[in-house]
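Visitor:
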Amino acid sequence: MHRALTISEIVDEIFSYIVEPSLGLAGFGSRPGPPSVTGKTLAALAVTCRTFRDPALAVRWRRLSGLRPLIRLFPRNTWLHDTENDKDVELEFARLPSKEEWINFETYTSRIREITVGSGQFKGIIHFMATLSMKYLPHPSHHLFPKLQSLIWQSQETSQLSLVHLFLPPSLRSLHLGFQDINRLGAPTMLLLLEYQCIMLTHLSVKGLHLGGSVNLAPVLQALKSSSCQQLQSLNLGLVDESILSHLAQLPTLKDLSVQLPDSISTSIASNDGFTSLRTLSFFARNVGDVFLFLQSAQLSLKSIKIQLFENEARSTILPLSSLQQLFSSISNGLCHSSLTQIEINHWTGHRYLDITFDIAILQPLLLFSNLKHLRLDSLFAFNWNDNTLTELVNAWPRLEKLVINHVGWQRSSGINLPPL
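Position one of the sequence shown corresponds to residue 3 (my numbering), numbered consecutively onward.
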């Protein structure tokens with residue numbers, strides 16, 4: 003063997019190019035497919051020599067989709083499954099592993115950096131791991147996955163939340179929670195979840211699976227306000243109130259925020275030197291007035307903004323086209339013109355379509371963003387733009403790379419020809 007391969011950094015770099023799919027299930031409740039060529043390669047490298055063993059196993063076990071591969075680290079006589087129906091996701095355990103078997107188990111769990119736990123993984127497996135943790139990890143400073151950095155936890159059963167702490171070591175940086183009915187969770191449980199030594203957490207996403215994320219996350223957010231997580235850079239949440247928005251505005255490390263704005267905002271949230279580090283903003287709103295108040299006098303130095311505005315016509319006090327014009331003015335007044343490079347806007351009302359022509363003059367406030375590279379605008383208006391319209395946009399945005407206007411159709415004949423393009 004070449005002497006260069008005795009240097010661990012070189013071997014790690016070489017093995018990192020062996021792209022290994024996530025260990026686990028192809029889908030929740032499905033049977034695993036045949037071993038991949040890459041998996042066989044890493045397995046072969048792991049038994050080639052001692053020099054290759056640790057680097058190969060590190061790549062092989064870095065990413066885990068599902069928990070079944072972990073259970074299979076124990077001897078076959080420790081767990082059972084329904085052989086008649088072949089439902090081996092419904093595991094039943096015949097006995098607890100011995101101390102030696104647990105030590106072997108830990109040599110693999112310490113290599114895992116990312117775990118995805120889906121709804122089909124909860125029948126017995128997690129409770130078994132909880133039992134193991136109580137037996138072999140009696141001290142709170144010991145963790146089942148001591149070097150875990152990313153956890154995606156999706157469940158239709160909120161009862162499983164009490165066991166999430168088994169997957170939360172101090173090294174955790176990214177946490178995604180998705181539950182069938184997260185509104186039923188209590189604030190004390192969420193507070194325990196966020197404060198359980200996640201001192202390095204930088205990315206947090208909490209969603210309700212049945213409502214597409216538009217849920218009341220008051221327990222989560224109240225916990226967030228008092229948690230020890232002081233390095234959060236990315237937050238993806240549902241409906242928030244003004245007090246939570248004001249709290250988030252003062253987080254010095256926050257760079258990426260996705261929320262649903264509350265109805266009837268009373269004051270400007272993003273002003274007063276708030277969101278100083280924010281670079282990407284995505285939000286859902288039901289009233290353009292709330293967007294105006296949120297961005298009023300903000301001067302945020304964003305790189306990207308995505309707005310989903312759904313106005314119920316019965317609640318809206320202004321015409322739809324005027325509403326969109328006010329939205330563009332709010333963006334222009336609230337964001338730094340030189341920093342923004344990407345805008346995405348989805349504007350809908352109670353109609354299926356509107357027989358109203360979208361005039362280029364409405365876009366005038368956005369023409370001030372001279373460094374814009376990507377623009378996507380979807381609405382229910384009709385468009386009849388021509389060559390002059392496109393030329394005006396190109397002159398205002400010389401760095402434009404991507405332009406999407408009403409991808410479902412313009413309701414009018416296009417007057418744009420090839421030369422301006």
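Note that the Cβ used here is the ideal one computed from N, Cα and C, for glycine as well.
Please classify I105: is it buried, with 16 or more other beta-carbons within 10 angstroms of its beta-carbon, or exposed?
Guide: Within the sequence shown, residue 105 is the residue found at index 103, counting from 1. Flag for I105 reads exposed.
Visitor: For my contact list, T133 and L98 are in at a C-beta cut-off of 8 Å; report their separation, rounded to the angstrom.
Guide: Stepping through the sequence shown from its first residue, residue 133 is reached at position 131. Stepping through the sequence shown from its first residue, residue 98 is reached at position 96. The beta-carbon distance between T133 and L98, rounded to whole angstroms, is 7 Å. This is short enough to meet the 8 Å contact definition.
Visitor: Hey, V61 and F17: beta-carbon distance below 7 Å or not?
Guide: In the sequence shown, counting from the first residue as 1, residue 61 sits at position 59. In the sequence shown, counting from the first residue as 1, residue 17 sits at position 15. Yes. Within cutoff.
Visitor: What would DSSP say about V261, mapped onto helix, strand or coil?
Guide: Here residue 261 refers to the residue found at position 259 when the sequence shown is read from its first residue. V261: strand per DSSP, three-state reduction.
Visitor: Report the rounded CA-to-CA distance for N388 versus W412, giving the unit in angstroms.
Guide: Working through the sequence shown from its first residue, we reach residue 388 at position 386. Working through the sequence shown from its first residue, we reach residue 412 at position 410. Cα-Cα distance, rounded: 12 Å.
Visitor: Can you grab the Cα-Cα spacing for the pair M136 / M202, in whole Å?
Guide: By 1-based counting over the sequence shown, the position of residue 136 is 134. By 1-based counting over the sequence shown, the position of residue 202 is 200. Their Cα atoms are separated by approximately 25 Å.
Visitor: Taking its Cβ as the centre, do 16 or more other Cβ atoms sit within 10 Å of P400, making it buried, or is it exposed?
Guide: Here residue 400 corresponds to residue number 398 of the sequence shown, with the count starting at 1. By the 10 Å Cβ count, P400 comes out exposed.
Visitor: Using the rule of at least 16 other Cβ atoms within 10 Å of the residue's Cβ for burial, across every protein chain shown, is R5 buried or exposed?
Guide: Numbered from 1 along the sequence shown, position 3 holds the residue referred to as residue 5. The residue in question, R5, is exposed, as its Cβ has fewer than 16 Cβ neighbours within 10 Å.
Visitor: For C200, does the count of other Cβ atoms within 10 angstroms reach 16, so buried, or fall short, so exposed?
Guide: As a first step, residue 200 is located in the sequence shown; it is residue number 198 there, counting from the start. By the neighbour-count rule (16 or more Cβ atoms within 10 Å), C200 is buried.
Visitor: Does the Cβ of E103 have 16 or more other Cβ atoms within 10 Å, making it buried, or fewer, making it exposed?
Guide: The residue labelled residue 103 in the question sits at position 101 within the sequence shown. Classification for E103: exposed.
Visitor: Comparing C-alpha positions only, which one of F385, S266, I307 and E313 sits nearest to L368?
Guide: Within the sequence shown, numbered from 1, the residue matching residue 368 stands at position 366. Measuring from the Cα of L368, the nearest candidate turns out to be I307.
Visitor: What's the gap between the Cα of K42 and the Cα of L7?
Guide: One-based indexing of the sequence shown puts residue 42 at position 40. One-based indexing of the sequence shown puts residue 7 at position 5. K42 and L7: Cα-Cα distance of roughly 20 Å.
Visitor: Under a Cβ-count criterion, where at least 16 other Cβ atoms within 10 Å of its own Cβ denotes burial, should V293 be classed as buried or exposed?
Guide: For the purposes of this step, residue 293 is identified with residue 291 of the sequence shown, where counting begins at 1. The residue is buried, with at least 16 neighbouring Cβ atoms inside 10 Å.
Visitor: Among the candidates E15, M131, L47 and T53, whose CA atom is the shortest distance from the CA of P71?
Guide: Counted from its first residue, the sequence shown places residue 71 at position 69. Comparing Cα positions, the closest option is M131.
Visitor: What are the uninterrupted segments assigned as beta strand (DSSP E) that are 3 or more residues long and contained completely in the stretch 344–404, given in chain order?
Guide: 344–350 and 376–380
Visitor: Below 8 Å CB to CB, which residues in the same chain sit around Q151 once its five sequence neighbours on both sides are set aside?
Guide: As a working mapping, residue 151 is identified with position 149 in the sequence shown. Counting only Cβ-Cβ distances below 8 Å, and skipping sequence neighbours, we find R115, E116, S173, L174, R175 and S176.
Visitor: Only counting the same chain, and skipping five residues up and downstream in sequence, which positions put a Cβ closer than 7 Å to that of Q370?
Guide: For this step, residue 370 is matched to residue 368 along the sequence shown. What sits at residue 370 in the sequence shown is Leu, not Gln. Result list for L370: S334 and H339, in chain order.
Visitor: Under the rule that 16 or more other beta-carbon atoms within 10 Å means buried, what is F312, buried or exposed?
Guide: Translated into the one-based positions of the sequence shown, residue 312 becomes position 310. Its Cβ having fewer than 16 others within 10 Å, F312 is exposed.
Visitor: Along the chain, where does the beta strand (DSSP E) containing T282 start, and where does it finish?
Guide: Within the sequence shown, the letter at position 280 stands for residue 282. Note, T282: beta strand (DSSP E), T282 to A287.
Visitor: Do L405 and L377 come within 7 Å of each other at the CB atom, strictly closer than that value?
Guide: Looking up residue 377 in the sequence shown gives position 375. Looking up residue 405 in the sequence shown gives position 403. Yes, these two residues count as a Cβ contact at 7 Å.
Visitor: Could you name the residues that DSSP lists as bridge partners for Q252?
Guide: Taking the sequence shown and counting its residues from 1, the one referred to as residue 252 is at position 250. In the DSSP output, where bridge partners are listed per residue, Q252 has none listed.
Visitor: From which residue to which residue does the alpha helix (DSSP H) around T109 run?
Guide: As a first step, residue 109 is located in the sequence shown; it is residue number 107 there, counting from the start. Note, T109: alpha helix (DSSP H), K101 to T111.
Visitor: With DSSP run on the structure shown, which of helix, strand or coil describes I246?
Guide: Against the sequence shown, residue 246 aligns to sequence position 244. Of the three classes helix, strand and coil, the one that applies to I246 here is helix, per DSSP.
Visitor: I'd like the span of the beta strand (DSSP E) that includes S306, first residue to last.
Guide: Counting from 1 along the sequence shown, the entry for residue 306 is found at position 304. Unbroken beta strand (DSSP E) run through S306: S306 to F312.
Visitor: Look at the Cβ atom of D258, then the Cβ atom of T282, and state whether they are nearer than 7 Å.
Guide: Here residue 258 refers to the residue found at position 256 when the sequence shown is read from its first residue. Here residue 282 refers to the residue found at position 280 when the sequence shown is read from its first residue. A contact, by the Cβ cut-off of 7 Å.
Visitor: Assuming T111 and L146 are in contact, meaning their beta carbons sit under 8 Å apart, how far apart are those beta carbons, in whole angstroms?
Guide: To locate residue 111, count along the sequence shown from 1; it is residue 109. To locate residue 146, count along the sequence shown from 1; it is residue 144. That belief holds up - the Cβ atoms of T111 and L146 are roughly 6 Å apart, short of 8 Å.
Visitor: Based on the DSSP output, what are the partners of R65 in its beta bridges?
Guide: Here residue 65 corresponds to residue number 63 of the sequence shown, with the count starting at 1. Per DSSP, E116.
Visitor: Taking 6 Å as the limit between beta carbons, can you name the residues of its chain near S303, skipping five residues before and five after?
Guide: The residue given as residue 303 occupies position 301 in the sequence shown. Only C338 and S341 meet the Cβ criterion.
Visitor: Taking A300 as the reference, which of G276, A287, S284 and L59 has the closest Cα?
Guide: The residue you call residue 300 lines up with position 298 of the sequence shown. It is G276 whose Cα lies nearest to the Cα of A300.
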